[in-house]
Amino acid sequence: MLSKLYRIRSFSKAVGSVRWSSTDIVKQKPIDVVAKEEKLSIEKTSLSRGLALNKFEKDFLIYPEFSEAEDVESIKRYVNKVESDLEVALKDVKDAKELDSNVLATLLKNGVFHSFIPKEYGGAGFCHKDLLCLNEALGIDLSTFMLVNQSYIASRLILMHGTPEQKEKYLPKLASFQLKPAICFADLPTGEKTEVLAHSGIEKKLNGWKTDVINGDIADIFIVFATDVKKTGGDGPTTCYILDKSELGAGTVTVAEQKHTQGLNAIHLTKMNFSNIAVTEKNTLGGHGLGQEALNEVMSYGNFYAGSATVGFLKRLLKELVKQANTSIEGNRRVAENVAVRRALSETGLNLFVLESIVYYIGGFLDEGLVLTTDIENAIIQKFINRILKEAFSTITEVVGSSATDHDAEYDKMVRDMNTLLSLNVSDTSLAKTISLSMIVSWVESTNYENKYLRAQALKRFFNVQKFQDAWNNPKLKHFMAEHVHPSLEPACRNLETTMTRLDMVLNRIIEDAGSRIREEIATLESLSKVLENNLAMIATISRASRSYSIGLKNSDIELAWAISFCHSASRQSQQELEFIMDHYGLIKKNPTLVNIGAAVVDFGGYPLERPIERNW
37 MLSKLYRIRS
47 FSKAVGSVRW
57 SSTDIVKQKP
67 IDVVAKEEKL
77 SIEKTSLSRG
87 LALNKFEKDF
97 LIYPEFSEAE
107 DVESIKRYVN
117 KVESDLEVAL
127 KDVKDAKELD
137 SNVLATLLKN
147 GVFHSFIPKE
157 YGGAGFCHKD
167 LLCLNEALGI
177 DLSTFMLVNQ
187 SYIASRLILM
197 HGTPEQKEKY
207 LPKLASFQLK
217 PAICFADLPT
227 GEKTEVLAHS
237 GIEKKLNGWK
247 TDVINGDIAD
257 IFIVFATDVK
267 KTGGDGPTTC
277 YILDKSELGA
287 GTVTVAEQKH
297 TQGLNAIHLT
307 KMNFSNIAVT
317 EKNTLGGHGL
327 GQEALNEVMS
337 YGNFYAGSAT
347 VGFLKRLLKE
357 LVKQANTSIE
367 GNRRVAENVA
377 VRRALSETGL
387 NLFVLESIVY
397 YIGGFLDEGL
407 VLTTDIENAI
417 IQKFINRILK
427 EAFSTITEVV
437 GSSATDHDAE
447 YDKMVRDMNT
457 LLSLNVSDTS
467 LAKTISLSMI
477 VSWVESTNYE
487 NKYLRAQALK
497 RFFNVQKFQD
507 AWNNPKLKHF
517 MAEHVHPSLE
527 PACRNLETTM
537 TRLDMVLNRI
547 IEDAGSRIRE
557 EIATLESLSK
567 VLENNLAMIA
577 TISRASRSYS
587 IGLKNSDIEL
597 AWAISFCHSA
607 SRQSQQELEF
617 IMDHYGLIKK
627 NPTLVNIGAA
637 VVDFGGYPLE
647 RPIERNW
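Going by my numbering, the letters in the sequence shown line up with residues 37 to 653, in that order.
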């Protein structure tokens, strides 16, 4: 449907500098191998890692876009039709416990399931930006998005890790929705276990159970991440298996339990039991023991489309809230004139602007092959989703008051869907550890850091305290980003560069003083995560605002103001977080205090302090 995109950049000879076709994606080498073969610098491999190392490519200030106006109009017509058709189909759907037949008919009529399947397997072969636009349209109903996203995850796993026979067998049927997939991820801390055991001379058997499997009750194929049990006992590596329900033989897959969730009622969360299912090489995705690679694939790409769906959802929510605020009267004036309401709406609008900027920014670079790995960015987007949805709750109650709890109101379903989606997402603490530790490992490897002379380093640092303080308070510009964007964004660029320089200084101190202990410093990891989130958000909003204002886009002056405002507040927050870390590794130990507070609450089973009116005699 959409023509291919090709854009030239200053390092267009770098690997993947053109938009990848589905065939190219299948033939990709592992990212670390590609980076070494092409001798790519860290900033050309991972954007967030490059920013953390105070390295930067000016091409990242050029916001990615379609090269042809015809492509833009084509995808806009398509997603507008999908969205309008969905609105009609969803009009009378409120508490449906099943996927509404009209909604499914709309998805099939518009070829939604074809969009993410390559053309050679009967699909439409959309690029990342196309899919972001489509998922934004699907985001008007989070249940519908979750249904479609399951098919996307399954198709990508098969496309990236399946054999030619598996691709020919499953992808065309996924494109037409003849097959409904269910993804059973790696074992959770809930005690669930799915194992593959093989005795000498006997075929391998898969047994176990998985919780919170989406649509396991209606699935035709199951993609299961299972632990291979060693012959000598103990757990072995993880392998990804694809199980066709029509080919189980003597094995069985049964629904042990189905949750009745508060929201997302068009999908079902099920507990699945797998019993005595024979598995062979033809059932594996990516090969024996390579399940972690397949899981990393999901973790590196799975949240971009969730981000765009959240953007679509929040746009609809914001539209409804503003409409009610403008038409409701309290105290002889419109609710919209209330300062608290305006502030809540503006914060939601700014959050929406940031998330939208990030997902289309990264999606565009993926189309052009300008970044090879997006694991950190994927986790950052998930953290933004979690935070924005949580803040949306308070915005709803601020604007509509008790109507937020009215079962017959428009917001009731939205609130329930948001709450259920948040319960399924990865926790912020886990995401912060993923973001920070991944970055720290890359920082150590890229700087060839060696901590052989700790005492000498400490003595040297003691005599250079003033020099360090001066560099901290007045970081020198290194990249001069403002030269590559609209002049009005010079303060925003300065804020970003200042944060990058300070982060590099902090990482030196962390690795010197903490070493491997950093893995246990949760408060430090969370602070580092916030800084990395702000870095990505700042560069995305700066490049977007610069492009919009330069081409005279409608309301680009608002974009410019929002970008400058956000970068100012994000830079201040980053400085506070970095100083928090520096205090910890300097004289004032704030982090241990924070950790002790958490330990006390847990150990005492709640709030441990006496009332202030109590007496000790």
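The beta carbon of each residue, even a glycine, is placed where N, CA and C say it ideally should be.
Predicted model only: the values in this text are computed from it and were never measured.
Roughly how many whole angstroms lie between the Cα atoms of residue i and residue j?
i: Asp464; j: Asn368; result: 42 Å
i: Lys127; j: Gly285; result: 43 Å
i: Thr59; j: Ala507; result: The predicted model places Thr59 with a pLDDT of 34, which falls under 50 and marks its position as unreliable, so this point remains unresolved.
i: Leu83; j: Ser563; result: 19 Å
i: Glu373; j: Leu381; result: 11 Å
i: Asn627; j: Asp256; result: Note that Asn627 scores a pLDDT of 46, beneath 50, so its modelled location is shaky; the value from the coordinates is reported in the next line. Spanning the two alpha carbons is a distance of roughly 49 Å.
i: Met450; j: Leu353; result: 8 Å
i: Arg379; j: Ala160; result: 42 Å
i: Leu326; j: Thr274; result: 6 Å
i: Ala345; j: Pro154; result: 22 Å
i: Thr470; j: Ala415; result: 7 Å
i: Asp136; j: Phe213; result: 15 Å
i: Asp166; j: Leu406; result: 17 Å
i: Asn251; j: Ala218; result: 6 Å
i: Ser565; j: Ala606; result: 13 Å
i: Ile600; j: Tyr99; result: 16 Å
i: Val358; j: Ser120; result: 20 Å
i: Ala573; j: Pro511; result: 21 Å
i: Gln328; j: Lys112; result: 37 Å
i: Leu457; j: Tyr585; result: 35 Å
i: Ala581; j: Asn544; result: 33 Å
i: Val375; j: Gly385; result: 15 Å
i: Ala14; j: Asp442; result: Outside the modelled stretch of the chain, which goes from 37 to 653, sits residue 14, for which no answer is possible.
i: Ser57; j: Glu533; result: Because the pLDDT of Ser57 is 32, which lies under 50, any placement of that residue in the model is unreliable, and the question is left without a value.
i: Thr81; j: Phe149; result: 31 Å
i: Glu569; j: Asn138; result: 39 Å
i: Leu242; j: Glu556; result: 35 Å
i: Leu408; j: His324; result: 25 Å
i: Ser579; j: Tyr397; result: 9 Å
i: Val377; j: Val371; result: 7 Å
i: Asn362; j: Lys307; result: 45 Å
By a C-beta neighbour count over all protein chains shown, 10 Å radius and 16 as the cutoff for buried, is residue i buried or exposed?
i: Asp280; result: exposed
i: Phe258; result: buried
i: Val124; result: exposed
i: Ile365; result: exposed
i: Phe516; result: exposed
i: Glu239; result: exposed
i: His522; result: buried
i: Gly400; result: buried
i: Asp453; result: buried
i: Ser610; result: buried
i: His296; result: exposed
i: Ile254; result: exposed
i: Ser430; result: exposed
i: Glu134; result: exposed
i: Asn312; result: exposed
i: Glu201; result: exposed
i: Asp403; result: buried
i: Asp619; result: exposed
i: Lys145; result: exposed
i: Arg187; result: According to the sequence provided, residue 187 is Ser. The question's Arg does not apply to it. So Ser187 ends up on the buried side.
i: Phe162; result: buried
i: Asn301; result: buried
Just checking my contact of residue i with residue j at CB under 8 Å: how many whole Å lie between their CB atoms?
i: Ser393; j: Thr577; result: 5 Å
i: Glu231; j: Val265; result: 5 Å
i: Leu561; j: Leu460; result: At roughly 23 Å, the Cβ-Cβ gap does not stay under 8 Å, so Leu561 and Leu460 are not in contact.
i: Ile432; j: Leu391; result: The Cβ separation is near 17 Å, so there is no contact.
i: Gln360; j: Val435; result: 7 Å
i: Val289; j: Phe310; result: 6 Å
i: His197; j: Leu321; result: 4 Å
i: Ile417; j: Asn339; result: 5 Å
i: Leu207; j: Leu195; result: 7 Å
Would you call the stretch 86–96 in contact with the stretch 472–480, where contact means no fewer than 3 C-beta pairs closer than 8 Å?
The stretch 86–96 vs the stretch 472–480: in contact.
Whether or not the stretch 440–458 and the stretch 523–532 are in contact is what I'm after, with contact meaning three or more pairs of Cβ atoms, one per stretch, closer than 8 Å; do they touch?
No, because fewer than three Cβ pairs between the stretch 523–532 and the stretch 440–458 fall closer than 8 Å, the two stretches do not touch.
Enumerated in chain order, which unbroken segments of the alpha helix (DSSP H) with a length of 4 residues or greater are wholly contained in the stretch 77–133?
Taken in chain order, the complete alpha helix (DSSP H) segments of 4 or more residues contained in the stretch 77–133 are 78–81, 83–88, 105–126.
Which ranges does the alpha helix (DSSP H) cover as unbroken runs of at least 4 residues, wholly within the stretch 353–417, from first to last along the chain?
You should have 375–404.
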